[in-house]
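S.K.:
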Amino acid sequence: MTDLEQVVLHHEVAQFLYLEARLADESRYDEWLALFDEQVTYWVPRGAATYDPTTTVSYINDNRTRLETRVRQLQTGVRWAQTPASVMRRAVTNIELLAVEGDELRVGSNLFIREYAAQAAEETRTWAGRVTHHLVRVDGALLIRAKTVELVDSEQSLPTLAFLL
Amino acid sequence: MNGRWRVRYRCPGSGTIWKGSTGVTHEATEFPLHAPAPPTMVDGDRVNGLAYVDDQVFDAEMERIFCDGWVFVGHISEVPAPGDVVCRNLGGDPYLLIRGRDDEVRVLANRCSHRGTKLIQRPRDSVRSMQCIFHGWTFGLDGGLRGVTQPGGMVVDRADCDLARPGQVDTYRGFVFANLSGTAGSLDDHLGEGGRYLLDWACDLSPVGELDISAGWLGQRSTSNWKMWAESDLDGYHLGILHSSLWRAAPGSQYETAVFAGENVVTSTTRDRGNGHVELEFWRGYDRELAWLGVPRERVADYVADLTAARGPERAEELLWQGPPHALIFPNLFLGEMNLAIIEPVAAGATVHHHTPLTLAGVAPSFNQRVLRQSEAAMGPAGFLLPDDAAASERVQAAFGRTGGWMDISRGRDREVVEENGDIVGHVSDEVPNRGFWQRWHELMS
Chain E
65 MTDLEQVVLH HEVAQFLYLE ARLADESRYD EWLALFDEQV TYWVPRGAAT
115 YDPTTTVSYI NDNRTRLETR VRQLQTGVRW AQTPASVMRR AVTNIELLAV
165 EGDELRVGSN LFIREYAAQA AEETRTWAGR VTHHLVRVDG ALLIRAKTVE
215 LVDSEQSLPT LAFLL
Chain L
2 MNGRWRVRYR CPGSGTIWKG STGVTHEATE FPLHAPAPPT MVDGDRVNGL
52 AYVDDQVFDA EMERIFCDGW VFVGHISEVP APGDVVCRNL GGDPYLLIRG
102 RDDEVRVLAN RCSHRGTKLI QRPRDSVRSM QCIFHGWTFG LDGGLRGVTQ
152 PGGMVVDRAD CDLARPGQVD TYRGFVFANL SGTAGSLDDH LGEGGRYLLD
202 WACDLSPVGE LDISAGWLGQ RSTSNWKMWA ESDLDGYHLG ILHSSLWRAA
252 PGSQYETAVF AGENVVTSTT RDRGNGHVEL EFWRGYDREL AWLGVPRERV
302 ADYVADLTAA RGPERAEELL WQGPPHALIF PNLFLGEMNL AIIEPVAAGA
352 TVHHHTPLTL AGVAPSFNQR VLRQSEAAMG PAGFLLPDDA AASERVQAAF
402 GRTGGWMDIS RGRDREVVEE NGDIVGHVSD EVPNRGFWQR WHELMS
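As given, the protein sequences belong to chains E and L, one line each in that order. Per my numbering, the very first residue in the first sequence carries number 65; after that it's consecutive. Per my numbering, the very first residue in the second sequence carries number 2; after that it's consecutive.
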């Protein structure tokens, strides 16, 4: 890959991650879900993502079915932990192409969210973490096959995490 | 409450300052005022909102319920090997559940006996000994003082410097309980027949009769009082309402026949087993065996065979229908079907609801994987159920405001039944468990 191709690919990936971030911030659930592949794994581990999630508990370890349930629950309008939806904005930074192999990419980024939890506690919360995306190109478009979010404080107890990371 | 409140209100005549029930400090006037009458916290089937928001009530609870009474610490399977240790807060203080070289599981203060530094920092660790980072005092896995840096200057008696321990520690079926003050009666008396039945039931689900609590814990924080978790965990009334988003998103759960089918149709019940140990009996309303596991018998044929061999066909069939208990062991252990949960009070308006999957010993890995998957779906800050409970409890806490107001827990009072053994049984939507919880609370706080 030439330097120019690398720059163009990095730009494309960055635009994709920014779009995903904006859709999540704005609770545009269907559009957000449409960015994911059929084979998706969406993992929010407790601590570093170095353990076997079939024997150790995670905050979220969704396959496609469970992720769709998560989105459907949010869309009922009576998911009280997220009704009214949190007002939030996130920054996606430090985007690195960690591995590029044909139509598959592994992308690392840092995530920083400021969330106003309007549902009950009326607190403003900060979330930060390392995100790893496994992206695939299908019919020319990027899709998320796997997304892992390692929150910096995930070893602690956490307040409600009912929005989409 | 009277004794407690008399102690806590300093009469203006004898001091210069007294503290009101809302925590506001008032200067005494030259003419002594009478201290306000202690507020009534439990009045029949009403609970005073101050019981959830008042710092003095919280302090009194930590003393009378969490220090003078029995509290759940952890399960021995969490520390399977010598040196394995987990951190727990009991009554607001840090403790360790740790297995010694002699294979004994102990509860020790997580606090250096010299200047009080917290010894174990990670929530779960494995250690050979415990050395304080501050001045290097070293403690064995049994809490005994092993080494002192520059011992020549030591004045206190070494024999007095072992790590502090609760006044009483006792274990039932691997569940470790502590009574910090040492002034409670026996654990056996605290659990009573009802508590022992519930813990036996959870263990009996394993073909070898043992839990294997090894999948780790997650904590959900809330800006609400700990008692709201004890209440909502044991509230059958809210399940179809507060959590309707899940039942719409994922229809077909076992609760449809057990809870949502209609007030006059459902056959599931609530039960007060005494001593604050209370239960929801969803299983009475299930429409099929293994509804709780969500699979037909053929898919877990080995489990069925092993359970039948271990428990006999009659008890095995009963367990296959019922699944795990849904019950509170007063005050802080929730047997939440596929989960064990610990309710940790942090402050009057702050709680952590910890949970871990109820994984069993003597079953196939795929069985425990299913337990873990169901646990993740229900509980934790990103679960499909618990965050909504947090939201409701936080709204209740917010609405208590400064003055509290009253909460009504009378539902079903006129249709509950007292059984021969003293258990009180009601409709699944009735507030029998809440009344049982508050009755115990009131006994301990009076």
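Glycine included, every Cβ here is placed at the ideal spot set by N, Cα and C.
Pull the bridge partners of L/H355 from the DSSP assignment, please.
M.R.: L/G220 and L/I343, per the DSSP bridge assignment.
S.K.: Which residues in chain E sit within 9 Å of L/A250, going by Cβ to Cβ distance?
M.R.: Near L/A250 (Cβ distances below 9 Å), the residues of chain E are E132, T133, R134, V135, R136, Q137, L138, Q139, T140 and R143.
S.K.: Out of L/N435, L/A349 and L/V426, point me to the one whose CA is closest to L/D1's CA.
M.R.: Lying outside 2 to 447, the shown extent of chain L, residue 1 of chain L is not represented and no answer is given.
S.K.: Below 7 Å between beta carbons is the criterion; list the residues of the region 219 to 235 of chain L that meet it against any residue of chain E, in chain order.
M.R.: The residues in question are L219, G220, Q221, R222 and T224.
S.K.: Just confirm the distance between the C-beta atoms of L/D69 and L/T184, as a whole number of angstroms; I'd bet it's less than 8 Å.
M.R.: That pair is a contact at about 5 Å.
S.K.: Quick one: which chain L residues come within Cβ less than 7 Å of E/P109?
M.R.: Result: empty, since nearest Cβ-Cβ is about 10 Å, beyond 7 Å.
S.K.: Since L/V177 and L/I77 are thought to touch, with beta carbons under 8 Å apart, how far apart are those beta carbons, to the nearest angstrom?
M.R.: Confirmed, Cβ separation roughly 6 Å.
S.K.: Does L/T258 get closer than 8 Å to chain E when you measure Cβ to Cβ?
M.R.: It does not: the Cβ of L/T258 has no partner Cβ on chain E nearer than 8 Å.
S.K.: How about L/Q122: is its C-beta nearer than 8 Å to some C-beta of chain E?
M.R.: With 8 Å as the cut-off, L/Q122 does not count as an interface residue toward chain E.
S.K.: Report the residues of the region 162 to 186 of chain E with a CB closer than 7 Å to any CB of chain L, ordered along the chain.
M.R.: Result list: Q183, A184 and A185.
S.K.: Name the residue from L/M446, L/D431 and L/L445 whose alpha carbon lies nearest to the alpha carbon of L/D46.
M.R.: Nearest C-alpha to L/D46: L/D431.
S.K.: Tell me the rounded alpha-carbon separation between E/R134 and L/A250.
M.R.: For E/R134 and L/A250, the distance between alpha carbons rounds to 8 Å.
S.K.: Please list, in chain order, the residues of the region 185 to 215 of chain L that have any C-beta partner in chain E closer than 9 Å.
M.R.: Listed by position along the chain: S215.
S.K.: Going along chain E in order, which residues have a C-beta closer than 8 Å to the C-beta of L/G275?
M.R.: Per Cβ cutoff of 8 Å: no residues; L/G275 is ~31 Å from chain E at best.
S.K.: Since I believe L/R441 is in contact with L/N276 (beta carbons under 8 Å), could you give me their beta-carbon distance rounded to a whole number of angstroms?
M.R.: Indeed they touch by this definition, with Cβ atoms about 6 Å apart.
S.K.: With a threshold of 7 Å on Cβ separation, who are the neighbours of L/L320 within its own chain once the five nearest residues in sequence on each side are excluded?
M.R.: Around L/L320: D205, L206, L308 and R312.
S.K.: Helix, strand or coil, according to DSSP, for L/D60 in the structure here?
M.R.: Looking at L/D60 - three-state DSSP - the assignment turns out to be helix.
S.K.: Is L/E315 close to chain E? Criterion is C-beta to C-beta, closer than 8 Å.
M.R.: Output row for L/E315: interface = no.
S.K.: How is the beta strand (DSSP E) around L/I99 delimited, first residue to last?
M.R.: Note, L/I99: beta strand (DSSP E), D94 to R100.
S.K.: Indicate whether L/G241 and L/W248 have their beta-carbon atoms separated by less than 8 Å.
M.R.: Yes, the Cβ-Cβ distance between L/G241 and L/W248 is below 8 Å.
S.K.: Can you pull the chain E residues whose beta carbon is under 7 Å from the beta carbon of L/E395, in chain order?
M.R.: The contacting residues are A184 and A185.
S.K.: Work out the CA separation of E/F100 and E/F80 for me, nearest whole Å.
M.R.: Using only the alpha carbons, I get a separation of about 12 Å.
S.K.: Counting only C-beta atoms, is E/P223 closer than 8 Å to chain L at any point?
M.R.: Yes, contact with chain L.
S.K.: Please classify L/C464: does DSSP put it in a helix, a strand, or coil?
M.R.: Missing from the structure shown is residue 464 of chain L; chain L here goes from 2 to 447 and no further.
S.K.: I want to verify the contact list: residues of chain L whose CB lies under 7 Å from the CB of E/E219, in sequence order.
M.R.: Within chain L, the residues near E/E219 are P124.
S.K.: Counting C-beta neighbours from all protein chains within 10 Å, is the total for L/T30 16 or more, i.e. buried, or is it exposed?
M.R.: Here the model assigns L/T30 a pLDDT of 42, short of 50, so the residue's position is not dependable, and the following value carries that caveat. Exposed, because fewer than 16 other Cβ atoms sit within 10 Å of the Cβ of L/T30.
S.K.: Where are the beta strand (DSSP E) runs, 3 residues long or more, that stay fully inside the region 68 to 100 of chain E, in chain order?
M.R.: Counting whole runs of 3 or more residues, the region 68 to 100 of chain E contains no beta strand (DSSP E) stretch at all.
S.K.: May I ask which residues mark the beginning and end of the alpha helix (DSSP H) holding L/L200?
M.R.: From DSSP, the alpha helix (DSSP H) with L/L200 extends over L188 to D205.
S.K.: Given a threshold of 16 other Cβ atoms within 10 Å of its Cβ, counted over all protein chains shown, does L/P297 qualify as buried or as exposed?
M.R.: It is exposed - the Cβ of L/P297 has fewer than 16 other Cβ atoms within 10 Å.
S.K.: Tell whether a beta-carbon distance below 8 Å holds between L/E280 and L/H239.
M.R.: For L/E280 and L/H239, no; Cβs fall outside 8 Å.
S.K.: For L/W407, count the other beta carbons within 10 Å of its own beta carbon; 16 or more makes it buried, fewer makes it exposed. Which is it?
M.R.: It counts as exposed.
S.K.: So the beta strand (DSSP E) L/R107 belongs to, where does it begin and stop?
M.R.: Segment V106 to A110, the beta strand (DSSP E) holding L/R107.
S.K.: According to the neighbour-count rule (16 or more other Cβ atoms, all chains shown, within 10 Å of its Cβ), is L/F32 buried or exposed?
M.R.: A caution first: L/F32 carries a pLDDT of 42, below 50, which makes its placement in the model unreliable, though a value can still be read off. It counts as exposed.
S.K.: To which residues of the same chain is L/H191 closer than 6 Å at the C-beta, ignoring the five residues directly before and after it?
M.R.: Only W71 meet the Cβ criterion.
S.K.: Opposite E/E179 in the DSSP bridges: which residues?
M.R.: E/M152 and E/R189.
S.K.: Looking at the C-beta of L/F385, does it have a partner C-beta in chain E at a distance below 8 Å?
M.R.: True, the Cβ-Cβ gap to chain E drops below 8 Å.
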